[in-house]
Amino acid sequence: MDMTPWERRQKILETLCLRRQDTYRNLSHEFNVSTGTIRRDIVVLTCSYPLETARGNHGGVRVAEWFHLDRRALNSAEITFLRRLAESLDGSDREMLNRIITVFSH
343 MDMTPWERRQ KILETLCLRR QDTYRNLSHE FNVSTGTIRR DIVVLTCSYP
393 LETARGNHGG VRVAEWFHLD RRALNSAEIT FLRRLAESLD GSDREMLNRI
443 ITVFSH
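Residues 343 to 448, numbered by the working numbering, are exactly what the sequence shown covers, in order.
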C-alpha cells in the first residue's frame with residue numbers, strides 16, 4: 343500500500359530523528375520515490391521542523407542537534423539563563439528549577 347505524502351513526510355521525519363542525518367538518494371531509495379520528491383518533502387518539513395540541508399556531492403539533510411521528535415529540549419542559551427536564574431532562588435524553588443534544567447537539557 344502506498345503512503346500519502348503526509349504519511350511519507352511523517353516517516354521521513356521519524357527516520358531523520360533516529361539517524362540525525364541522511365542523503366536524499368538514500369531516503370528516495372528507502373521510500374521508493376524520486377530524489378525530487380524527497381527534496382519537496384524536505385522543503386515542506388522545513389517549514390515546521392529544524393531540518394538543515396547539506397550541499398556537496400551526495401547532498402543530504404540533517405536534524406538540528408537540539409531537536410528530538412519525542413521530547414522538547416532546552417538550547418544552551420536557555421540552559422545558561424535558567425542556571426543564572428536558579429542562583430537567585432532558595433530551597434525548594436532552586437531544586438525545582440534544577441530538576442527542570444536536568445529533564446529538558448540535552
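Glycine included, every Cβ here is placed at the ideal spot set by N, Cα and C.
Whether leucine 427 touches isoleucine 443 by CB criterion (7 angstroms):
On the sequence shown, position 85 is the one that residue 427 refers to. On the sequence shown, position 101 is the one that residue 443 refers to. With respect to isoleucine 443, leucine 427 sits apart: the two C-beta atoms are not nearer than 7 angstroms.
Whole-angstrom C-beta distance between arginine 362 and arginine 404, which should lie under 8 angstroms
Residue mapping note: residue 404 aligns to position 62 of the sequence shown, counting from 1. Residue mapping note: residue 362 aligns to position 20 of the sequence shown, counting from 1. Right, the Cβ-Cβ distance comes to about 6 angstroms (below 8 angstroms), so this counts as a contact.
Give the DSSP-derived three-state secondary structure of alanine 396 in the structure shown.
Looking up residue 396 in the sequence shown gives position 54. DSSP places alanine 396 in strand when its eight states are reduced to three.
Between tyrosine 366 and threonine 377, how many whole angstroms is the CB-CB distance? I'm expecting something under 8 angstroms.
Locating residue 366 in the sequence shown gives position 24, counting from the first residue. Locating residue 377 in the sequence shown gives position 35, counting from the first residue. Right, their Cβ atoms sit about 5 angstroms apart.
Nearest to glutamate 349 by alpha carbon, out of Asp364, Leu360, Phe373 and Ser447?
Counting from one through the sequence shown, the residue named residue 349 turns up at place 7. When Asp364, Leu360, Phe373 and Ser447 are compared, the shortest CA-CA separation from glutamate 349 is found for Phe373.
Short of 8 angstroms in beta carbon distance, which residues of its chain neighbour isoleucine 354, apart from the five on each side in sequence? Order them along the chain.
What you label residue 354 is simply residue 12 of the sequence shown in a count that begins at 1. Cβ within range, chain order: Leu369, Phe373, Ile380, Asp383, Ile384 and Leu387.
Leucine 411 and phenylalanine 446 - do their beta-carbons sit closer together than 7 angstroms?
As a first step, residue 446 is located in the sequence shown; it is residue number 104 there, counting from the start. As a first step, residue 411 is located in the sequence shown; it is residue number 69 there, counting from the start. Cβ atoms of phenylalanine 446 and leucine 411: not closer than 7 angstroms.
Which residue's Cα is closest to the Cα of aspartate 325: Cys359, Asp364, Val375 and Leu360?
Look at the range of the chain in this structure, 343 to 448, and you will see that residue 325 is not part of it.
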